[in-house]
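Protein chains: 2
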Amino acid sequence: MSIRLSEIQDPLCDDRMEQKEHETLSEERSGIPSQKERLFLHRNAVSQNFSVNTSNKDIVDGNISVVEEHLPETSPEDENAVEMVVPSRSSSDEPQELVFATGSGSTSSCNQLGNSIFYSSAVPADSVPQDERGELNILSAEYESLDYDTCINSVWLDEERTRGYKFITKKDAARWLVVMITGILTALVACVIDITIESLSKFKYTWLQHNTNKYVTKNLAIPYFLWGALNIGPVLVAAFLGSYVEPLSAGSGIPQVKCYLNGVKVPRVVRIKTLLSKAVGVTMSVLGGLAVGKEGPMIHSGAVIAAGVSQGKTTSFNKDFGFFEYFREDHEKRDFVSAGAAAGVSAAFGAPVGGVLFSLEEGASFWNQSLTWRVFFGAMVSSFTLNLVLSAYNGVPGQLTYTGLLNFGAFDDLTYQIWEFIPFILMGILGGLLGALYNYINYRLTVFRMRYVQQPWRKIIEAVIVAFFTATIGFFMIYFVNDCRRASEDQNTLYPIQMFCDEGDENAVASIWFQTPEQSVRSLFHAKADAYKWQTISVFFVCYFILACWTYGLGVPAGLFIPTLLTGAAWGRLVGMLIHLLFPSEGWADEGKYALVGAAAMLGGVVRMTLSLTVILMECTGNITFGLPLMIVLMVAKWVGDYFNEGLYDIHIQMSGVPIMAWEAPPLSNNIYASEVMNRPVISLQCVEKVSRIVEVLKQCTYNGFPVVDQFPEGDDAIYFKSFGKLRGIILRSQLVVLLKNKVFNENAEVWQEGKVDIHLFRKAYPRYYQLHQVNLDEEDMNKTVDLKPFMNPSPYNIISCTALPRVFSLFRALGLRHLVICNDANEVVGMVTRKDLVKYRVWKHRGQMGLEELAIYNRV
Amino acid sequence: MSIRLSEIQDPLCDDRMEQKEHETLSEERSGIPSQKERLFLHRNAVSQNFSVNTSNKDIVDGNISVVEEHLPETSPEDENAVEMVVPSRSSSDEPQELVFATGSGSTSSCNQLGNSIFYSSAVPADSVPQDERGELNILSAEYESLDYDTCINSVWLDEERTRGYKFITKKDAARWLVVMITGILTALVACVIDITIESLSKFKYTWLQHNTNKYVTKNLAIPYFLWGALNIGPVLVAAFLGSYVEPLSAGSGIPQVKCYLNGVKVPRVVRIKTLLSKAVGVTMSVLGGLAVGKEGPMIHSGAVIAAGVSQGKTTSFNKDFGFFEYFREDHEKRDFVSAGAAAGVSAAFGAPVGGVLFSLEEGASFWNQSLTWRVFFGAMVSSFTLNLVLSAYNGVPGQLTYTGLLNFGAFDDLTYQIWEFIPFILMGILGGLLGALYNYINYRLTVFRMRYVQQPWRKIIEAVIVAFFTATIGFFMIYFVNDCRRASEDQNTLYPIQMFCDEGDENAVASIWFQTPEQSVRSLFHAKADAYKWQTISVFFVCYFILACWTYGLGVPAGLFIPTLLTGAAWGRLVGMLIHLLFPSEGWADEGKYALVGAAAMLGGVVRMTLSLTVILMECTGNITFGLPLMIVLMVAKWVGDYFNEGLYDIHIQMSGVPIMAWEAPPLSNNIYASEVMNRPVISLQCVEKVSRIVEVLKQCTYNGFPVVDQFPEGDDAIYFKSFGKLRGIILRSQLVVLLKNKVFNENAEVWQEGKVDIHLFRKAYPRYYQLHQVNLDEEDMNKTVDLKPFMNPSPYNIISCTALPRVFSLFRALGLRHLVICNDANEVVGMVTRKDLVKYRVWKHRGQMGLEELAIYNRV
């Protein structure tokens, strides 16, 4: 619950409050009238035409004076309304249940313990009603921030000081080792996925080819149903993995990785189980002939591998190898995950520099040079390993420059003329429009899915339908579209079928369908001029646009890059055909080149990345000179698309309510103060606290961080005017539970040997800290005390309550904070700000307008 | 002057002090023995073997407990020693001089005004004695930080609120426009430099060629002296520019740009005068045949152009165009400069992605996605413009993919075998060793120069000597080394001379010397096998190594990249010859490829960048597949080089004493607290302050930021135990002078029209704020008062005095701070930390050891 600034007794903020409320300035100090009076008088006039609506986007024009208007006035009724169970502090002296129910229930309200004053902060609605699911302006309370800000407490310092420089050097060397292993493993996983898909596809399409050729004049229903069955089989496996085994493995994984790199603790995102489900699932999805790619899942795989290797233990298999124990904290883990994601991009596209830029573009909040080098090293190792294995597989062992290793084949001679920028820019605009349309359709579809396709079995049925529908579309296109060509016109056709063509000819449509989407992209990029009729490509574009749109968001692991590229390559090639028709004798009028531009435009319009995509496309076509047009096309597509909606990843992130932080504070938010966004009351703990109170706090609250204060202030007559004690540090829920679990009580001091209460206690529990109900405490324990000082973070970042929002935002963003304590000018705790308090004000800029919306917070989405 | 923690009365820090001083913990709160006693007892044992020496690097092994030991104990003698003139506060009531002497003199000591207590913080030595110049462990007090943290004061808010969203949108559009103009102008400047050098070189070498051929059998002294004269002439111009006109334009400019991007205000670094001197100077240096490149200066040019365009005014020519007035602050300017530097790299090497990475690698403290896009856009525009102009110049207008546009020529077929990584890594090691040697020699030479070649005329004489010596070496090599070849063996030879060779042959040595260094690099990369004898290359390598080493640091504008690449290409080609000899029939045993690897290794060994160099080399050879070996070579060279010393740019930065911030706090510094590095006493101002006191403070202090406090605390009996008032904000010297200059006094309130005291007052004065002596105040004015509140930064970042150094460091680094106020736990000012307080502790890691050194601070270097 946010309260008005004026209700906090904070002399430091008084003046600014006065300014804000347009009162004249106090003249007491100078004894003469100040010119500030005049300075601030005209403000009132311009800060009126403002509205914020929590459920709909309102177009806001002109000037705003944010937040104040829509914050609930604190009134006694409010307090009473949310008043809750009243266990007084003395209740801890009464007999306690020895095993507690879980402390992290669904209620987020919290009682003020220890001061006999009980009311609650604003209670989020429990869950979005089914038929309202799919709104974009929601936040889910279930996502926590990572503890990126390392807690440098006494036990941490103890380790550092006893182990000295050698430990620093060892850690540093270990980091390089972890990154190297990550790179190698990521590449190997990518190779296994790659080779499995290729081998099984070969089997599948050879069989289909054989059957089609055999039954073409007899009964085409046989190959049709065979195709359908061969699609449904693998997709069933993929859908089972993505629905029952690990729902998080469904989709591309890039949104999840993006959230994680942004600092959000996405549950289970870096588990080995997720990796396995993802790797097998994506192999099956691609094999099932769906309009999916394997690149996104490979990036996710890299992230999981990095997390796994760096932690030296797996929670999925409950095995602790004891390696790299000192990396068991969120800060180190997130840094490794960013290296893993880069290695993933590198393995997926053979684009190490693109990988580094991907990590930078998606993940960097505070980027460090030595981290950049490690990320680059990991990406290079990954690319090297991948090339080594694939070159051996392709029969040219050790030939790392073999052009067959490029995903989309080498473009050797991409020349262009200066005036070609005109069609390029027009294609960028078209890509932006199509991308925005794609995103809109997929958004509506996802809303439908969130409302009506939630149960796993429904998801599986939908996947099966899509799989069969894909086969049907392909089959009917091959059947009805009459496009024959000489077999030599496209070297990339692997499984040519003759169908109704003349002897020696092949069916051009089948050449697109009888292979994986990635190979189809290659075909469209490199097939000779006139390899396809324009009718073929047109029909294919429409069908594939619909298919790709329908497929993304299905309950199977599925990448977005390749289907988008393929759709774009299709219409790009159409443009190329037109230009080739107009300038038949010009060398630069190359259909393949325009297919590449179309693919870039489409990708830019859908995902809206620019820098990393440019480099990825440059690297995976092996051509640098074409970087400039690619970049311009991607930029234009992004601008045009942004006019209408967000990128597809962002839409999915917003729908799942992940509190992802923007790069900058909302504009015009300098007149919002920390006191207006902070949470109050704050549950604070004393430096030496009774076990019973800690247990009670953990039971009653879902908060994850508690300020540690000197001692509770006396008197509780007016809660709004009081602080919650002089700040001495901050301690996390997870740390408290470890302390309780291990009974690190002052009274047990003699039981503890020297050095036994050290940082290993906490590392052992990371990352799945105990729940409160796993802690067994008897009545005697409850009367003991815990000294929190050696374990708390003794110098948490804190700011004064009249700090402007952008400064709060910068602190959070640049330092990766989870909790920020708000103090009054005597350094006493008056509130807490967490990620969600900042993220709930979101700016949007569409259709030439700009506005601020406040998101609704739910416990579940 | 730093004081011991224990001397500050700060209950919050008491406990941690106790821990630190190994006292037993107070048991007063819990009443029972705490287990912390045991926890911290063993610390004492491990924190002893420590030494820090301010003048020499001491090898520190094992564990340290830093700083405490070498900080001067505060004693009354100290205080007395630095006690200064004692103008009491009441002196302001006495008649004042109406025009003041400059406030920013050479003394950095500061009196505590207004509290009748006068002593000073540690006085830095005035200047380094001449025969001690060139130490690496110094800091110069003359460098200030940029105000990267925008001061969001009331006048700033006023503008934002009155102008609203439209202003935000307009600013955003203007940013893109500025970046685009910067890109275009940078490219045009690069083109002019490029084309001028090419045209004049053509003239020079044609003349030389003609004369050599003419006099070869008659009198070779004529071409020799002609060569000498043709070298000396242009070099004289360059040296004049670099010595008399603008000394800052000497050198490559990359160190200065790096410092600026790091957040240091390097005086005159982004002036138009510097740009002109640099552009003309580098053209002349290259034309003068020196071992220099034009790339570094081009990067500097880009930075200057960005600063100039974004400010819409030039201080060099004292002209204000009135454009982009809202970008007149350090934050915006630094962001534009990073875009300009990227555009510069892009123009110098045709490497837009490399440019972005250069800015990231060198400059990013807090990197923002939208900024990255703008930087990339600027780099792309620059690359596009450059290609457009150069393709027209080369007779293929609009053909942007013309391979002649690549700096080092296109490598079409760089294939390599897996086992070739062995020679690559060995070459990386060699490159690291040679680079470290190069850096060492250049360092010793620069020390000599700082001591004995300081006067401009001496610099000019040295430059002339080097110019003539270069011609001499070239001439003698051509004369003595007998290396003839068929004219067809190297297509890159522009001015072949026959010398003593047979008819139809050409002298291979002359082909290297009779062209610019950049063309020589191209020759070594692309000449056919056996185009040079190994003796030729060996002699050339030795000579050029010495020449390049001697030339860098000369008082002329001169880039480092090309001579380093050329040196590396020479020994790389030697390795290539050896391999070609061993495997004569293998296609991959290409001499040019090994020349490229050698060039990369040498460059990596000298400058120690990895990520951006890899991409730059990839982009300017047009080859992606060779990125992996390049990266590995650069990485190995960096590691080997770092074993011995720093990169050359860093050495030069250290010698000039620029307080550049590292990426991370020193290791093991978690037990250093802010109170130990902060400056005390602090000069604070009251919210409503008398003009006379402000004038006095500005006159007596050189500080640039003053905390604004509620009111001065009463009593001054024990200065160390008291604070300097409750923090309300911070105000800069520059702001105060503007207020005084414009007489924004409370008593003058009726004179000011509404809206006249606004942010424009401050922008108009940026970046060369008035000096105090430019302010005219009469006696009446001195008795008036100023209300500082609307102009101060009302929520400066502040931390509590017991915060550990790494957290202070993170704040500075991530947020680009200039001043950080240290408060006690009642939010009262107790100290100030600035960049130099953090930078003066520097970590070094060489020869497998690691240590911490404290730098000496001088007023001038």
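First to last, the protein sequences are chains A and B. Numbering-wise (my numbering), the first sequence opens with residue 121 and increments by one. Numbering-wise (my numbering), the second sequence opens with residue 121 and increments by one. C-beta: ideal position from N, C-alpha, C; glycine also.
Option in the options with minimal Cα separation from residue i
i         : options                                    : result
Asn612(B) : Asn527(B), Leu731(B), Leu550(B), Glu264(B) : Asn527(B)
Glu816(B) : Leu510(B), Met902(B), Glu974(B)            : Met902(B)
Asp830(A) : Thr822(A), Gly845(A), Ile773(A)            : Gly845(A)
Leu508(A) : Ala885(B), Phe541(B), Ser511(B), Lys334(B) : Phe541(B)
Met697(A) : Ser930(A), Thr656(A), Leu733(A), Cys663(A) : Thr656(A)
Gly767(A) : Arg980(A), Ala556(A), Lys291(A), Ile632(A) : Ala556(A)
Arg927(B) : Val981(B), Thr905(B), Ser795(B)            : Ser795(B)
Pro887(B) : Val871(B), Arg853(B), Asp898(B), Asn918(B) : Arg853(B)
Cys663(A) : Leu940(A), Val386(A), Ala294(A), Ala411(A) : Ala411(A)
Tyr335(A) : Asn790(A), Leu506(A), Gln618(A), Trp539(A) : Gln618(A)
Val601(B) : Trp654(B), Gly498(B), Arg564(B), Pro417(B) : Trp654(B)
Status (buried if at least 16 other CB within 10 Å, exposed otherwise) for residue i
i         : result
Glu415(B) : buried
Ser247(B) : exposed
Lys378(B) : buried
Asp267(A) : buried
Tyr572(A) : exposed
Gly362(B) : buried
Asp957(B) : buried
Gln774(B) : buried
Glu449(B) : buried
Leu969(A) : Note that residue 969(A) is Gln in the sequence shown, not Leu. So Gln969(A) counts as exposed.
Gly293(B) : The displayed chain sequence assigns Ala, not Gly, to residue 293(B). So Ala293(B) counts as exposed.
Trp347(A) : buried
Neighbourhood of residue i by C-beta, 8 Å cutoff - its chain only, sequence neighbours within 5 removed
i         : result
Val312(A) : Ala399
Residues of its chain near residue i, where Cβ-Cβ distance is below 7 Å and the 5 sequence neighbours each way are ignored
i         : result
Thr306(B) : Ser421, Gly422, Ile425, Gly460, Ala463, Gly464, Ala467, Ser502
Ser640(B) : Ile632, Leu686
Close Cβ partners of residue i (< 6 Å) along its chain, the five nearest in sequence each way excluded
i         : result
Leu491(B) : Asp455
Leu750(B) : Ala720, Thr734, Leu737
Thr332(B) : Pro343, Ile617
Gln408(B) : With the sequence shown as reference, residue 408(B) is identified as Gly, and Gln is not the correct amino acid for it. Closer than 6 Å at the Cβ level, and outside the excluded window around Gly408(B), lie Asn351, Pro354, Val355, Ala587.
Query raised in the report: Can we say the region 756 to 775 of chain A touches the region 800 to 812 of chain A, given the rule of at least three CB pairs closer than 8 Å?
Result: Cβ pair count under 8 Å is below three, so no.
Requested in this report: Would you check if the region 643 to 653 of chain A and the region 688 to 699 of chain A touch, i.e. whether three or more CB-CB distances between them fall below 8 Å?
Outcome: Flag = yes, the region 688 to 699 of chain A and the region 643 to 653 of chain A touch.
Query raised in the report: In the region 776 to 823 of chain B, which residue ranges form an unbroken alpha helix (DSSP H) of at least 4 residues, counting only runs that do not cross its ends?
Result: If we require 4 residues or more, the alpha helix (DSSP H) runs fully inside the region 776 to 823 of chain B come out as 794 to 797, 811 to 820.
Query raised in the report: What runs of the alpha helix (DSSP H), each 4 residues or longer, lie entirely inside the region 481 to 520 of chain B?
Result: Here the runs fully enclosed are 489 to 513.
Requested in this report: Mind the definition here: the region 439 to 453 of chain A touches the region 706 to 718 of chain A only if three or more C-beta pairs lie below 8 Å; say whether that holds.
Outcome: The region 439 to 453 of chain A vs the region 706 to 718 of chain A: no contact.
Requested in this report: Determine, using beta-carbon pairs with one atom in the region 256 to 267 of chain A and one in the region 763 to 781 of chain A, whether at least three such pairs fall under 8 Å.
Outcome: As far as the Cβ criterion goes, the region 256 to 267 of chain A touches the region 763 to 781 of chain A, which means the pair count is three or higher.
Query raised in the report: Is the number of C-beta pairs between the region 779 to 792 of chain B and the region 584 to 598 of chain B that are closer than 8 Å three or more?
Result: Flag = no, the region 779 to 792 of chain B and the region 584 to 598 of chain B do not touch.
Query raised in the report: In the region 861 to 945 of chain A, which residue ranges form an unbroken beta strand (DSSP E) of at least 3 residues, counting only runs that do not cross its ends?
Result: Runs of the beta strand (DSSP E) inside the region 861 to 945 of chain A: 905 to 907, 918 to 920, 939 to 943.
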